[in-house]
Amino acid sequence: LKEDTVVVVLGASGDLAKKKTFPALFGLYRNSYLPKDVKIVGYARTKMDHEEFLKRVKSYIKTPTKEIEQNLEQFCKMCTYISGQYDKDESFNELEKHMQEIEKGQKETNRIFYMALPPSVFIPVSEHLKRCCYPKSGIARIIIEKPFGKDLGSSRELDRALRPNWTEDEIFRIDHYLGKEMVKNILILRFGNEFFGATWNRNHIDNVQITFKEPFGTEGRGGYFDEFGIIRDVMQNHLLQVLTLLAMERPISFSAEDIRDEKVRVLRGMPSIEPKNVIIGQYEKSLDGTNPGYKEDDTVPKESRCPTFASMVLYIKNERWDGVPFILKAGKALNEQKTEVRIQYKDVTSGIFKDIPRNELVMRVQPNESVYIKMNSKLPGLSMQTVVTELDLTYRRRFSDLKIPEAYESLILDALKGDHSNFVRDDELDASWRMFTPLLHYLDDNKEIVPMGYPYGSRGPAVLDDFTASYGYKFADASGYQWPQTQIEPNKL
Ligand code: BG6
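Those letters in the sequence shown? Residues -13 to 479, by our numbering.
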């Protein structure tokens, strides 16, 4: 970690900064992970004084103990705020002046710019930062947040605008799923365990499902969401990142470029998504009438065809995966909160068994991080009856004093260290947009394609189970199996 670092949070009065960036910076500070004498500068258009700014910073940080409350007071002493425009030299000159003041006496000037900003101002801000606030010595890094464009064309445009001012080495594109504990575990589970490694291919795996479910709708965020939809919001980025880690070949090392080279290689082996392998849905009023439909939000156009749910099947044309469907599912306003990966193995050879359920390896990303394997075993007793059981690694039970870092804490720390492993590289982004863009344009352009309705709080459109079954996924429900942790509250474990 570089001493003498200033972290500038641009968009400091916005939602992302309040809910994620500042709490993560505070989390790092509290655990002594920030560089010594770091300074944090908030920058935004909103005119407010120092006190008002700190009030906002504090509003999303929980202080359950006196000690944490005191830590927060100390943390606030490192924070300052300055308001300014996003497209004016004078404003950025003011920011520069402010930084020079707080950097007085330092040996170096290392500056990290965190852009918690709407996409419309990405480009002007990145240009102004380079022109007016680029450090004369030390390092400069810029952290940017999705959306990185809306399709291949707009993503390349954004890239072209950043290019003359910032090198790839200075750019950190956040996909916060790459900071999640279980996502970071994928490469370890795969490559650190011979029995997974040996069966990790089309000869043994029948299908892979990656599921993202949220129990709330887009209330209050409808304006943003309607422009993007669930596919751009979480599938082209978060779920595809998970898929890439599941499917890539073994990297030569854990260095950032070795990992990202393999990720790009697998993405390049994937044809663009075919509309026939996709279903889309939009939520309607809940069955009991208490939760509103997507279009009842005032910020959403009445004729909106925006998908709030989608399921799609992707294929990888290489020796390891040819023919294995990767089924992605994502939806808002569903029956539960859950993100998981489910690897379903093929049927065992028939003969001695009749209809014995398949093995499944499940990685529960959230909530209640766990890895479990569904497997068949003999039911104890005198008969030879089989039963589905599990090998279960539930983090909260296995690791005492478990403290799972927030995704943003882990990523901001990586950016401070200059480690790009968990950030998205330019060619990776390009390859992912190439795969999604034909589908997105097809859905945008064909007015007759309307999403299927599903009630708020349901499992999604009624055709979902038939859709997944048609790609070979076999529900084990007939055996009556349910993972025992499903019903237990995390804090009861
Ligand atoms: C964001 C999406 O990137 O990820 C949101 O824009 C979504 O729509 C969120 O709710 C999910 O993140 P998490 O960490 O809560 O699973």
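Think of the CB as a built atom: it goes at the ideal place given N, C-alpha and C, for glycine as much as any other residue.
- With a contact defined as Cβ atoms closer than 8 Å, V286 and D212 qualify at about 5 Å.
- Every alpha helix (DSSP H) stretch that sits fully inside the segment 65 to 99 and reaches 4 residues is listed by chain position as 75 to 88.
- Burial state of L368 is exposed, judged by a 10 Å Cβ sphere holding fewer than 16 other Cβ atoms.
- Note that the segment 183 to 190 does not touch the segment 273 to 284; fewer than 3 beta-carbon pairs, one per stretch, sit closer than 8 Å.
- Here the alpha carbon of T(-9) sits roughly 21 Å from the alpha carbon of H36.
- Under DSSP, M370 shares a beta bridge with no residue.
- Contact between M298 and V264 holds, with the beta-carbon distance rounding to 4 Å and staying under 8 Å.
- Following the DSSP letters along the chain, one finds F8 inside the alpha helix (DSSP H) bounded by residues 8 to 16.
- Rounded to the nearest whole angstrom, the CA to CA distance from T51 to N57 is 10 Å.
- For V27, the pairing in a beta bridge is given by DSSP as V(-6), T66.
- The alpha-carbon of D145 is positioned some 19 Å away from that of Y120.
- Taking all protein chains shown into account, G(-3) has 16 or more neighbouring C-beta atoms within 10 Å of its C-beta and is therefore buried.
- A direct Cα-to-Cα measurement between E94 and K403 gives close to 16 Å.
- Close CB contacts of S258 within its chain, under the 8 Å cut and outside five residues either way in sequence, are with R420, M421, F422, T423, P424, L425 (chain order).
- In terms of side-chain proximity, the C-beta atom of D416 is found no nearer than 8 Å to any non-hydrogen atom of the ligand BG6.
- When secondary structure is reduced to three states using DSSP, Q330 falls in the strand class.
- Excluding the 5 residues flanking it on each side, A462 has same chain C-beta neighbours closer than 6 Å at P343, in chain order.
- Under the DSSP assignment, E270 falls in the beta strand (DSSP E) whose first and last residues are 264 to 270.
- When secondary structure is reduced to three states using DSSP, S297 falls in the strand class.
- In the three-state reduction of the DSSP assignment, L314 falls in the strand class.
- Residue pairing of F198 in beta bridges, as defined by DSSP: A316, T325.
- According to the DSSP secondary-structure assignment, D35 is paired through a beta bridge with no residue.
- For M421, the uninterrupted alpha helix (DSSP H) segment begins and ends at 412 to 431.
- Per DSSP, reduced to three states, the secondary structure at R176 is helical.
- Nearest to C118 by alpha-carbon distance, out of N79, L148, P105, G139, is N79.
- Contact check between the segment 197 to 213 and the segment 389 to 398: fewer than three CB pairs, one atom from each, fall below 8 Å, which does not count as touching.
- In the three-state reduction of the DSSP assignment, P441 falls in the strand class.
- Looking at the DSSP output, F158 sits in a beta bridge with I129.
- C-alpha of R188 to C-alpha of K332: approximately 9 Å in a straight line.
- Beta-bridge partners of K22 (DSSP): none assigned.
- Under the three-state reduction of DSSP output, D192 falls in the strand class.
- Rounded to the nearest angstrom, the gap between the Cα atoms of K122 and I54 is 36 Å.
- For I125, the closest alpha carbon among the candidates A401, M168, M34, K74 is that of A401.
- When beta bridges are read from the DSSP output, L115 appears opposite no residue.
- F108 has its CB no nearer than 8 Å to any heavy atom of the ligand BG6.
- In the same chain as I238, and ignoring 5 residues on each side of it, the C-beta atoms closer than 7 Å to its own belong to D244, in chain order.
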